[in-house]
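J.:
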Amino acid sequence: MKINKKHLLLLAGIIWAIAGFNILRIGILSYRGNVTLLNLFLSCVIFTAFWFLVFDKLVRKHTFRILNYQEEKQFFLKFFDIKSFCIMAFMMTFGIGLRVSGLCPDLFIAVFYTGLGTALFLAGASFACNYFQALRTCGEDDPDPVS
Numbered sequence: 000m001k002i003n004k005k006h007l008l009l010l011a012g013i014i015w016a017i018a019g020f021n022i023l024r025i026g027i028l029s030y031r032g033n034v035t036l037l038n039l040f041l042s043c044v045i046f047t048a049f050w051f052l053v054f055d056k057l058v059r060k061h062t063f064r065i066l067n068y069q070e071e072k073q074f075f076l077k078f079f080d081i082k083s084f085c086i087m088a089f090m091m092t093f094g095i096g097l098r099v100s101g102l103c104p105d106l107f108i109a110v111f112y113t114g115l116g117t118a119l120f121l122a123g124a125s126f127a128c129n130y131f132q133a134l135r136t137c138g139e140d141d142p143d144p145v146s
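For the sequence shown, counting from 1, position 60 maps to 59 in numbering that gives the first Met the number 0; every step adds exactly one.
(1) For S100, count neighbouring C-beta atoms within 10 Å of its own C-beta (all shown protein chains included) and say buried if the count is 16 or more, exposed if not.
(2) Pull up the DSSP beta-bridge partners for Q69, would you.
(3) Whose CA, out of Y130, D105, R135 and A122, lies closest to the CA of W15?
(4) Is N129 helix, strand or coil when you go by DSSP?
(5) Would you call I2 buried or exposed, if buried means 16 or more other Cβ atoms sit within 10 Å of its Cβ?
(6) Could you compute how far the alpha carbon of G96 sits from the alpha carbon of H6?
(7) Given A133, which residues of its chain have a CB within under 7 angstroms of its CB, disregarding the five upstream and five downstream residues?
(8) Given this structure, state the Cα-to-Cα distance separating G26 from V110, to the nearest angstrom.
(9) Could you give the residue range of the beta strand (DSSP E) that holds K77?
(10) What is the residue span of the beta strand (DSSP E) that N3 lies within?
(11) Could you check what DSSP says for T92 in three-state terms: helix, strand or coil?
(12) Helix, strand or coil: how does DSSP classify Y30 here?
(13) At what residues does the alpha helix (DSSP H) containing F49 begin and finish?
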């Protein structure tokens, strides 16, 4: 199944926003009884680190790659490359394993997941913004996104 390459940006945005929302939700739920200025500050530090060191660069890299595909129609999973899918799978496996193992207290989950989830959600929003910017730049939308 192929879609217009610009729609890959929207698909990436939806997937990252869903992932970010779910992780952020877990973090917020874990914050019960742990809300302090220090913990909120630490969540902001984690957000800042993940956004500027990982996700901002990832969004720019993949947006550039997607918009520079030669063919207009692309396989719908090409919103990421193999390396990024592997990173995503590792992060999901590690995160689920960490929570299920009980090795980390709720405080760690609250602080870390809130910062990480916010950065992931912002990555999704950034992909979506890049999609709408690409539509404005071209001045057209593909009326038949799936073929």
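Beta carbons are placed, not taken as given, at the ideal position from N, Cα and C, and that holds for glycine.
T.: For this structure:
(1) Position 101 of the sequence shown, counted from the start, is the residue given in the question as residue 100. Classification for S100: exposed.
(2) One-based indexing of the sequence shown puts residue 69 at position 70. For Q69, DSSP assigns no beta-bridge partner whatsoever.
(3) For this step, residue 15 is matched to residue 16 along the sequence shown. When each option's Cα is compared against that of W15, the closest is A122.
(4) Numbered from 1 along the sequence shown, position 130 holds the residue referred to as residue 129. Reduced to three states, the DSSP call for N129 is helix.
(5) Numbered from its first residue, the sequence shown carries residue 2 at position 3. Note on I2: 16 or more other CB atoms within 10 angstroms of its CB, so buried under the neighbour-count rule.
(6) Here the question's residue 96 lines up with position 97 in the sequence shown. Here the question's residue 6 lines up with position 7 in the sequence shown. Answer to the nearest angstrom: the Cα atoms are 33 angstroms apart.
(7) Stepping through the sequence shown from its first residue, residue 133 is reached at position 134. Excluding sequence neighbours, A133 sits near K5, L8 and L66.
(8) The residue labelled residue 26 in the question sits at position 27 within the sequence shown. The residue labelled residue 110 in the question sits at position 111 within the sequence shown. Straight-line measurement puts the Cα of V110 at about 7 angstroms from the Cα of G26.
(9) Here the question's residue 77 lines up with position 78 in the sequence shown. Neither: K77 is in no beta strand (DSSP E) and is coded neither H nor E.
(10) For this step, residue 3 is matched to residue 4 along the sequence shown. Taken as a continuous stretch (DSSP letters only), the beta strand (DSSP E) holding N3 covers K1 to N3.
(11) Taking the sequence shown and counting its residues from 1, one reaches residue 92 at position 93. In the structure shown, T92 sits in a helix (DSSP, three-state: H, G or I).
(12) Sequence index remark: in the sequence shown, residue 30 carries index 31 (1-based). Y30 falls in the coil class under three-state DSSP.
(13) Locating residue 49 in the sequence shown gives position 50, where the first residue counts as 1. L36 to F49 is the span of the alpha helix (DSSP H), which, as asked, contains F49.
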